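Before any comments, here is the structure.
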Amino acid sequence: MEIIRTKRLSIFELKPENDSDIYKLMNSPTWIQFIGDRNIKTVEDAREYLLNGPIKSYQEHGIGMYGLRIISSNEFAGICGFVKRHFLNDFDLGYALLPEFEGKGLAFEGSKAVLDFVKKKNMCPKIVAFTTQENKRSLKLLEKLGFLYTKTFMLENEECLLFESQL
């Protein structure tokens with residue numbers, strides 16, 4: 133179900149049928165490098181991730197991680213949205229694109245749209261995001277979206293930078 137439409141993107145709630153797209157995304161080099169191996173080794177693993185991650189989040193919180201589809205070609209480009217993490221008090225903005233869609237401004241377009249969506253619906257007063265110092269594209273994107281650095285913390289032996297945005 134489409135929830136938002138931008139100039140180039142259809143942003144939609146993920147379904148179990150998106151399992152092959154998610155499998156491809158979660159095994160892409162950029163995902164592995166900057167997000168990490170989530171042990172999604174089969175399309176069935178991707179389906180389980182969808183059921184226990186984004187779909188469960190829609191049911192429990194009303195928001196979650198959304199799919200990004202290119203309107204002009206109907207191609208799956210990646211994901212963007214929100215994750216409730218046990219170690220954070222607020223929803224975490226996340227985004228990831230398939231390699232062929234990186235560097236085209238789609239992460240900004242999708243992120244801006246989902247942030248505007250939750251702000252308009254008064255779903256949460258603040259959103260956080262984190263990344264590593266090495267992920268220059270993510271740092272640039274968070275700055276462009278107006279997120280402010282708040283602190284550095286350790287996660288799984290990796291130094292992460294935490295940012296926040298008041299909605």
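First residue of the sequence shown: 133, per this note's numbering; consecutive thereafter.
From the three backbone atoms N, C-alpha and C, an ideal C-beta is built for every residue, glycine too.
Since the model is a prediction, treat every value here as computed from it, not as a measurement.
Problem set entry | Start-to-end residues for the beta strand (DSSP E) that takes in Glu145 | Leu141 to Glu145
For this session: Grab me the residues of Asp153's own chain with a C-beta within less than 6 Å of its C-beta, minus the 5 sequence neighbours each way, in chain order.
Result: Phe208
Exercise. Leaving out the 5 sequence neighbours to the left and right, which residues in its chain are closer than 8 Å to Lys258 when beta-carbon positions are compared?
Worked result: Asp222, Glu296, Ser297, Gln298 and Leu299
For this session: Count the other CB atoms, across all protein chains shown, that sit within 10 Å of the CB of Asn254; report buried if there are 16 or more and exposed otherwise.
Result: exposed
For this session: Measure the CB-CB distance between Leu200 and Ile211 and report whether it falls below 8 Å.
Result: yes
For this session: Output the distance between the C-alpha atoms of Lys268 and Thr282, rounded to the nearest integer angstrom.
Result: 17 Å
Exercise. Are three or more beta carbon pairs between the stretch 169-180 and the stretch 270-284 nearer than 8 Å?
Worked result: no
Exercise. Where do the ends of the alpha helix (DSSP H) carrying Phe233 lie?
Worked result: Per DSSP, Phe233 belongs to no alpha helix (DSSP H) and is neither H nor E.
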